[in-house]
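Counting from 1, one number per residue, gives the positions in the sequence shown under the UniProt record's numbering.
Even for Gly, the Cβ is constructed at its ideal location relative to N, Cα and C.
What you are looking at is a predicted structure, and each value in this text was computed from that prediction instead of being measured.
Here's the structure we're looking at; comments come further down.
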Amino acid sequence: MSEMISLQIKRKDAGKIKNGFPLLRKEAIVNPHVLKKEGQLLRLVTESGEFLGTGYYGKQNKGYGWVLTTNEREKIDESFFINKLSQALAYRSSFFQNLSTTAFRVFNGEGDGIGGLTIEYFEGYYVINWYSEGIYAFKDLILSALKKVVQYKGLYEKKRFDQQGQYIEDDDFVDGERAQFPLIIKENDVNFATYLNDGAMVGIFLDQRNVRECIKEHYAKNKTVLNLFSYTGAFSVSAAVGGASKTTSVDVANRSLSKTIEQFNINQLDHEAHDIIVEDVFHYFKYAKRKEFTYDLVILDPPSFARSKKFRFSVAKDYQKLLEDTIDLTNDNGVIVASTNYSGFDMKKFKTFIDGAFKAKGERYKILEEYKLPKDFKTNPHFKEGNYLKVVFIQKA
1 MSEMISLQIK RKDAGKIKNG FPLLRKEAIV NPHVLKKEGQ LLRLVTESGE FLGTGYYGKQ
61 NKGYGWVLTT NEREKIDESF FINKLSQALA YRSSFFQNLS TTAFRVFNGE GDGIGGLTIE
121 YFEGYYVINW YSEGIYAFKD LILSALKKVV QYKGLYEKKR FDQQGQYIED DDFVDGERAQ
181 FPLIIKENDV NFATYLNDGA MVGIFLDQRN VRECIKEHYA KNKTVLNLFS YTGAFSVSAA
241 VGGASKTTSV DVANRSLSKT IEQFNINQLD HEAHDIIVED VFHYFKYAKR KEFTYDLVIL
301 DPPSFARSKK FRFSVAKDYQ KLLEDTIDLT NDNGVIVAST NYSGFDMKKF KTFIDGAFKA
361 KGERYKILEE YKLPKDFKTN PHFKEGNYLK VVFIQKA
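Below is the structure:
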């Protein structure tokens, strides 16, 4: 590691860092000109020179780096990473014992004390996500520490720090034995096909585990289900396993068809009994309204930002309109699962979109249940935007 440099923090943010806020905001830095190379260790001090903590320089869309410790005597070495990883693994010990679920998050960035780094477990394999060049500079130390605290079949990585924080295309295999793909994992006894070296995504978003289980156990039986922005159809498969009479999956990506068929097949479900539609969701709304299609359960989990040939979508600006269109396709007493992983607003704000959409449509509603991140996605209570997932089950009254 390069020599530690001194980074001055403005008074307002100094107080927040003392109280456990982990992010180094660009606006908080007095002397940003000293930041030369990502991965630099930073001695964080007040404008008068008082020690605040040790961090590292790593640019993400969220900020310029992360605080690693507020203990002046704590060194950032292999022992530091062994300690953080060991604590994270102990916190999730029950997940390793659970035979019905074989994929979960084992390290969740700032929630486990190292912003910019997440690690997920898939049936004996670990996938490391590096979110900045800064954290990637610690790769050798972190890999060495990981090898000392876990047994693994193989290690994979995702480098997510290209321009605009995009994934860097690469063969993501790092160590051990290569997995045979699809790698079948279990989630609450439902099978899912995953691909650990096929681009940025692996085939399932683990943060929605509890929501899928809830749909399977309590909402799907004998219901018609519409899954919008369906990706590989994980919600649809969970609903089908739960006894849905029919699911309809809609996603604009061509590969969503083959990926969704695969998810049905590995659960011994007849994919031909369900509709899998490759179409822009916004076009599908128009088509479904024209055909007067309606559904008992609609799952609405769009990306934070989306762009197709004719439409641009942003959760912050357009979610309410999207929900209005969804209400039109929902049967009376039907349920909408409204979800977003956008960290720019909280649950309170999200509920104003829900309220606004139903009022615009002149419809009444009842909130049945709410979900945030599951236990393995540990969060830092001083960093609210880290607890990004918001899911609300809404009944159209």
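- Under the 10 Å beta carbon count, asparagine 129 is surrounded by 16 or more other beta carbons and is classified as buried.
- The alpha carbon of tyrosine 319 has as its nearest neighbour, out of Leu329, Gly356, Asn333, Tyr287, the alpha carbon of Gly356.
- Beta-bridge annotation (DSSP): threonine 248 is paired with Leu226, Asp275.
- Using a Cβ-Cβ distance cut-off of 8 Å, the stretch 177-187 and the stretch 351-371 are not in contact, since fewer than three pairs of beta carbons, one from each stretch, lie closer than that value.
- For the 8 Å CB-CB criterion, leucine 52 and isoleucine 17 form a contact.
- Counting only residues of its own chain and dropping the five nearest sequence neighbours on each side, serine 249 has a CB closer than 6 Å to the CB of Asn227, Ser230, Gly233, Ser236, Thr260, Ile276.
- Looking at the DSSP output, valine 67 sits in a beta bridge with Gly55.
- Beta-bridge partners of tyrosine 371 (DSSP): Val391.
- Only residues of its own chain outside the window of five on either side were considered, and among them Phe21, Pro22, Leu23, Glu110 have a CB closer than 7 Å to the CB of phenylalanine 383, listed in chain order.
- For glutamate 177, no alpha helix (DSSP H) encloses it, and the DSSP letter there is neither H nor E.
- Exclusion of the five residues before and after glycine 65 leaves Leu24, Leu42, Gly55, Tyr56, Tyr57, Gly58, Gly134 as the residues of its chain whose Cβ lies within less than 7 Å of its Cβ.
- Between tyrosine 287 and glutamine 263, the alpha-carbon positions lie close to 26 Å from each other.
- DSSP places phenylalanine 313 in the strand class (E or B) of the three-state scheme.
- Fewer than three beta-carbon pairs drawn from the stretch 335-344 and the stretch 74-84 are found closer than 8 Å, and the two stretches are therefore not classed as touching.
- Within a 10 Å sphere around the beta-carbon of glutamate 50 sit fewer than 16 other beta-carbons, which makes this residue exposed.
- For arginine 105, the enclosing beta strand (DSSP E) covers residues 103-108.
- Within a 10 Å sphere around the beta-carbon of alanine 220 sit 16 or more other beta-carbons, which makes this residue buried.
- Collapsing the DSSP output to three states places glycine 334 in a strand.
- In this model, aspartate 325 and glycine 154 are separated by some 44 Å (Cα to Cα).
- Only residues of its own chain outside the window of five on either side were considered, and among them Thr102, Ala103, Leu183, Ile185 have a CB closer than 7 Å to the CB of glutamate 123, listed in chain order.
- Judged by their CB atoms, alanine 240 and histidine 274 are nearer to each other than the 8 Å cut-off.
- Each of His283, Lys310, Arg160, Arg290 was checked against the Cα of glutamine 60, and the nearest Cα belongs to Arg160.
- The three-state reading of DSSP puts leucine 269 in coil, since its state is none of H, G, I, E or B.
- For alanine 240, there is no enclosing beta strand (DSSP E); the residue is part of the alpha helix (DSSP H) that begins and ends at 234-241.
- Sequence-distant Cβ neighbours of lysine 216 in its own chain, meaning closer than 8 Å and more than five residues away, are Asn188, Val190, Ser238, Ala239, Val241, Gly242.
- With distances taken between CA atoms, asparagine 108 lies nearest to Asn380 out of Val392, Ala397, Asn380, Phe393.
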